[in-house]
Structures are given as C-alpha cells and as structure tokens.
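In our numbering, the protein residues as written are 111 to 164. Built from N, CA and C at the ideal position, the CB exists for glycine as well. Note that the structure is predicted; figures quoted are calculated from it, not measured. Structure first, then comments.
Below is the structure:
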C-alpha cells in the first residue's frame, strides 16, 4: 500500500504519531506500507522522531 502525502504538511508530533499509528496497523494486518511525497520539513520531523516511516 502506498500513502501519498505530497499535498500534506506535518506541523507537529501529533500528526507524525497519527501516521505512525496508521502504518503500524496496516503492517500488523500484512500490508507492505510505503509513504511517498513527504516535503522536507515533514521528512525531517519524522526522522527526528526515528519512526519506521520511510
């Protein structure tokens, strides 16, 4: 499953946690999850929190 976030901007940890929760749930049910389209700020925020979102 591909989640396209090219039209999104993550402002804070709440948004990042929501994405992480969705990805974890999908993976738990056997889906291979790929997140695409993150802007530079959102990618940096996710990297800073060291989540399993690529």
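Secondary structure note for residue 143: it is in no alpha helix (DSSP H), with a DSSP letter that is neither H nor E. Using a Cβ distance threshold of 8 Å, residue 157 and residue 119 do not count as a contacting pair.
By the CB criterion at 8 Å, residue 126 and residue 159 fall inside the cutoff. The Cβ atoms of residue 144 and residue 112 sit closer than 8 Å to each other.
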